[in-house]
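Taken in sequence, the protein lines are chains W and S.
All letters in the first sequence, in the order written, are residues 376 to 683 by my numbering.
All letters in the second sequence, in the order written, are residues 376 to 683 by my numbering.
Just so it is clear, CB atoms sit at the ideal spot from N, CA and C, and this is done for glycine as well.
Reviewing the structure listed below.
Protein chains: 2
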Amino acid sequence: MTKTLIFGHKSPDTDTICSALVYADLKNALGVDAKPARLGEVNAETQFALDHFGAEAPEYVERVDDEIDNVILVDHNEFQQSVDNISDVRITEVIDHHKVSNFETKEPLYFRAEPVGCTATILNKIFKENEVIVSKENAGLMLSAIISDSLLLKSPTCTAEDREAAHELAEIAGVDLETYGLEMLKAGADLSDQTALDLVTMDAKEFTMGDANVQIAQVNAVDTNQVYASQDSIEKEIEKLINDKNLDLFLFVVTDILENDSDVLAMGQAKDNVEKAFDVKLDDRNRALLKGVVSRKKQIVTNLSEQF
Amino acid sequence: MTKTLIFGHKSPDTDTICSALVYADLKNALGVDAKPARLGEVNAETQFALDHFGAEAPEYVERVDDEIDNVILVDHNEFQQSVDNISDVRITEVIDHHKVSNFETKEPLYFRAEPVGCTATILNKIFKENEVIVSKENAGLMLSAIISDSLLLKSPTCTAEDREAAHELAEIAGVDLETYGLEMLKAGADLSDQTALDLVTMDAKEFTMGDANVQIAQVNAVDTNQVYASQDSIEKEIEKLINDKNLDLFLFVVTDILENDSDVLAMGQAKDNVEKAFDVKLDDRNRALLKGVVSRKKQIVTNLSEQF
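What follows is the structure in structure tokens.
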């Protein structure tokens with residue numbers, strides 16, 4: 376039987392982890408020998424969701440082993456966000472909701488990207504298309520992914536389809552959407568145990584914009600000032616990353632989940648592009664408040680890409 | 376209302392033209408202001424299909440006008456096969472059945488590629504998903520696309536889904552699959568009116584393989600020797616193309632639709648790769664018979680790509 380490995384992006388978030396788990400379960404129900412994997416540490420928000428619905432985190436992999444025949448990517452398609460040996464493996468499927476970039480295959484594949492707020496929203500449709508019943512656990516995991524990606528349905532990336540799926544899945548999972556959602560987000564926003572290195576790497580993604588290498592890290596917080604209490608240490612970690620990875624820009628985004636704003640820190644030789652992209656001035660500590668900005672994908676990457 | 380333009384690849388074939396027409400019709404039924412377009416001349420096979428089902432060829436466009444807000448790509452995704460100003464337009468959808476390569480967007484989109492033999496097979500599913508009735512004309516056009524891409528269901532690219540769709544659509548279109556199919560293929564294989572330049576450009580696609588620029592042109596024929604009666608002129612046209620486009624390899628593929636073989640002519644500094652990829656020797660006129668090879672996508676591009 377063909378072995379298939381299913382995983383999301385590096386610096387995994389709740390959608391990436393839950394979508395890998397749920398899609399592997401669906402594939403198994405359809406008779407495919409698939410197993411989920413993760414490319415990094417499980418964050419506190421995701422761990423809360425896993426614990427709440429009695430699920431275990433998928434196995435960590437550093438690279439795809441030779442015994443694996445096929446891989447399925449969920450929640451990403453850009454190779455620089457994927458496993459290191461992605462260019463050497465056979466990708467048979469992609470289920471994603473991001474822009475398409477730096478992705479290619481030698482053969483035709485099943486590639487399904489939709490402009491919705493969350494991969495799990497697409498997975499919920501695939502369950503229906505295949506007439507497979509959604510279990511309580513899978514409903515809870517997909518719900519958690521949608522809450523996470525949409526900041527409890529408040530992000531501009533959230534579509535009518537995401538909202539509908541969230542309400543439907545909350546019912547199957549047997550939880551109150553608002554209550555569970557805020558609890559989960561707060562679990563993720565508890566950054567008290569995180570080191571500066573954790574903060575700048577826990578949900579970081581790399582992008583190629585024009586000729587520039589850009590890394591954007593995002594954390595959710597209830598109190599952004601508490602995060603920046605350690606700004607000196609954060610800056611040191613970012614400086615190291617800029618040097619190690621030859622980055623033109625590192626943007627550290629601290630999103631206030633109650634106010635729905637982001638307090639960002641921009642470093643690197645291309646930091647002026649942040650000022651231009653969002654029509655703000657960085658203060659003397661290289662920070663700026665981006666009012667109403669909560670979505671890396673829809674508000675930050677799009678605007679920054681145009682600037683480069 | 377947002378204007379959307381729908382088109383397939385350059386050197387259009389029957390799937391590209393028919394899918395653009397049919398998908399525009401479906402979009403209109405769904406309330407989207409979409410119109411079909413083509414990026415090149417309609418070939419004899421496609422014209423036969425259009426005439427048979429009373430359809431008109433879509434309008435020719437050289438580039439996407441400023442008044443167009445969105446474009447939808449059918450039957451291709453690689454930018455070098457698309458309209459010249461593809462990098463400047465907003466792509467909102469892709470419906471395709473090819474490998475993904477040299478494609479990128481700034482924003483999330485609806486990207487649907489499936490490893491089936493024909494774009495029209497996917498469109499037939501989209502009609503069902505949206506509960507829109509397939510008209511006799513649209514059924515005929517989608518059927519023609521499937522027959523064309525699958526060489527009457529004989530190509531190795533043809534999947535069970537393509538076969539099922541073809542039989543279903545033949546019934547709606549009111550034609551006998553075998554009879555109509557052979558008539559249509561023969562109309563396309565009548566190359567008597569074509570100049571050497573026509574032959575090498577009528578269904579030519581460019582590919583980037585490793586660092587090499589490769590162009591692969593394919594024609595269907597009932598008698599391959601008749602095509603090669605003008606090999607001298609064909610070679611001259613290919614030489615010009617190699618120089619103009621700085622190609623490393625030009626592969627001219629003449630597919631015998633009755634025998635299901637291909638008689639190929641390889642030119643350019645990388646022509647040795649053809650010998651290695653297919654384990655054949657090019658004769659003193661740079662030709663070789665590839666037994667059982669009829670599919671550019673599944674048999675030729677895949678094998679050649681590995682060689683480069």
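Discussion item. Along the chain, where does the beta strand (DSSP E) containing V703/W start, and where does it finish?
Written reply: Outside the shown range of chain W (376 to 683) lies residue 703/W, about which nothing can therefore be said.
Practice prompt. Compute the beta-carbon to beta-carbon distance between A619/S and N588/S, rounded to the nearest angstrom, for a pair I have assumed lies under 8 angstroms.
Written response: Looking at the sequence shown, residue 619/S is not Ala but Asp. Contact doesn't hold; Cβ gap of about 11 angstroms is too wide.
Worksheet entry | Selection of the segment 518-537 of chain S by Cβ proximity to chain W, strictly under 7 angstroms | The residues in question: there are none.
Discussion item. Residues in the same chain with beta-carbon distance under 8 angstroms from V436/W, minus the five sequence neighbours each way, listed in chain order, please.
Written reply: Closer than 8 angstroms at Cβ, skipping near neighbours: L380, F382, A412, R413, L414 and V458.
Fill in: Coarse secondary structure for D636/W, derived from DSSP in three states
D636/W: strand per DSSP, three-state reduction.
Discussion item. I need the straight-line Cα distance from R671/S to K503/S, nearest angstrom please.
Written reply: Taking the straight line joining both Cα atoms gives about 29 angstroms.
Fill in: Identified DSSP bridge partners for Y435/W
According to DSSP, which records beta bridges pairwise, Y435/W is partnered with R413/W.
Worksheet item: Under the three-state reduction of DSSP, which class applies to D565/S: helix, strand or coil?
Response: Here D565/S sits in coil by DSSP.
Worksheet item: From N418/W to Q593/W, what distance separates their C-alpha atoms?
Response: Using only the alpha carbons, I get a separation of about 12 angstroms.
Discussion item. Using only the alpha-carbon positions, how far apart do K500/W and E681/S sit?
Written reply: Spanning the two alpha carbons is a distance of roughly 36 angstroms.
Worksheet item: Which word fits K656/W, buried or exposed, when buried means at least 16 other C-beta atoms lie within 10 angstroms of its C-beta?
Response: Exposed: under 16 other Cβ atoms inside 10 Å.
Item to complete: Using three-state DSSP, classify N595/S as helix, strand or coil.
Response: Correct three-state label for N595/S: strand.
Discussion item. Short of 7 angstroms in beta carbon distance, which residues of its chain neighbour I617/S, apart from the five on each side in sequence? Order them along the chain.
Written reply: Short of 7 angstroms from the beta carbon of I617/S, and not among the five residues preceding or following it, lie these beta carbons of its own chain, in chain order: F625, M642 and G643.
Worksheet item: Would you say the segment 384-403 of chain W touches the segment 436-446 of chain W, given that touching needs at least three Cβ pairs under 8 angstroms?
Response: Fewer than three Cβ pairs drawn from the segment 384-403 of chain W and the segment 436-446 of chain W lie within less than 8 angstroms of each other, which leaves the two stretches out of contact.
Item to complete: Take D658/W as the anchor and find which of V669/W, V668/W and K646/W has the nearest alpha-carbon.
Response: Nearest neighbour of D658/W by Cα position, chosen from V669/W, V668/W and K646/W, turns out to be K646/W.
Worksheet item: Residues of chain S with a CB under 8 angstroms from the CB of Y316/W: which are they?
Response: Residue 316/W lies beyond the range of chain W shown here (376 to 683); nothing can be said about it.
Worksheet entry | Any C-beta of chain S under 8 angstroms from that of S457/W | Against chain S, the CB of S457/W has no partner CB under 8 angstroms away; the residue lies outside that interface.
Item to complete: List the residues of chain S whose Cβ lies closer than 8 angstroms to the Cβ of H473/W, in chain order.
Response: Residues of chain S passing the Cβ test: P483.
Worksheet item: DSSP on Q455/W, reduced to helix/strand/coil?
Response: Under the three-state reduction of DSSP, Q455/W is assigned to helix.
Worksheet item: Of the residues that make up the segment 550-567 of chain W, which ones have a beta carbon closer than 8 angstroms to any beta carbon in chain S?
Response: Residues: none.
Discussion item. Counting only Cβ-Cβ distances shorter than 9 angstroms, please list the residues of the segment 666-681 of chain S near chain W, keeping chain order.
Written reply: Against chain W - using a Cβ distance shorter than 9 angstroms - the residues of the segment 666-681 of chain S are K672, K673, V676, T677, S680 and E681.
Worksheet entry | Spatially closest choice to D565/W from E536/W, V597/W and D654/W, by CA coordinates | Among E536/W, V597/W and D654/W, the Cα nearest to that of D565/W belongs to V597/W.
Worksheet item: Does the Cβ of D524/S have 16 or more other Cβ atoms within 10 Å, making it buried, or fewer, making it exposed?
Response: Around the CB of D524/S, 16 or more other CB atoms lie within 10 Å, so the residue is classed as buried.
Worksheet entry | Closest residue to C533/W among G549/W, D551/W and V491/W (Cα-Cα distance) | With distances taken between Cα atoms, C533/W lies closest to V491/W.
Worksheet item: Among residues of its own chain, excluding the 5 on either side of L557/S, which ones have a beta-carbon nearer than 8 angstroms to its beta-carbon?
Response: Counting only Cβ-Cβ distances below 8 angstroms, and skipping sequence neighbours, we find L527.
Practice prompt. Using 10 angstroms around the beta-carbon of G406/S, count the other beta-carbons present and answer buried if the total reaches 16, otherwise exposed.
Written response: Exposed, since its Cβ has fewer than 16 Cβ neighbours within 10 Å.
Worksheet item: By DSSP, does I508/S sit in helix, in strand, or in coil?
Response: Looking at I508/S - three-state DSSP - the assignment turns out to be coil, as it is neither helix nor strand.
Item to complete: Could you work out which residue in N635/W, A545/W, V639/W and D586/W is closest to L574/W when comparing CA atoms only?
Response: With distances taken between Cα atoms, L574/W lies closest to V639/W.
Practice prompt. Verify the CB distance criterion: does F502/W have a CB-CB separation below 8 angstroms to chain S?
Written response: It does not: the Cβ of F502/W has no partner Cβ on chain S nearer than 8 angstroms.
Worksheet item: Nearest-angstrom Cα distance between Q601/W and E506/W?
Response: Going from the Cα of Q601/W to the Cα of E506/W covers about 47 angstroms.
Worksheet item: At a Cβ threshold of 8 angstroms, is S608/W touching chain S?
Response: Output row for S608/W: interface = no.
Fill in: Three-way DSSP call (helix, strand, coil) for F359/S in this model
Any property of residue 359/S remains undetermined from this structure, which presents chain S solely from 376 to 683.
Worksheet item: Closer than 8 angstroms, CB to CB, is S476/W near chain S or not?
Response: Taking Cβ atoms only, chain S reaches closer than 8 angstroms to S476/W, which makes this a yes.
Worksheet item: the segment 377-401 of chain S: which residues have C-beta closer than 9 angstroms to a C-beta of chain W, in chain order?
Response: Taking 9 angstroms as the Cβ-Cβ cut-off, the segment 377-401 of chain S has no residue approaching chain W.
Worksheet entry | Counterpart residues of Q590/S in DSSP-defined beta bridges | Note: Q590/S sits in a beta bridge opposite E581/S and F625/S.
Item to complete: Reducing DSSP to helix, strand and coil, say where R538/S ends up.
Response: Of the three classes helix, strand and coil, the one that applies to R538/S here is helix, per DSSP.
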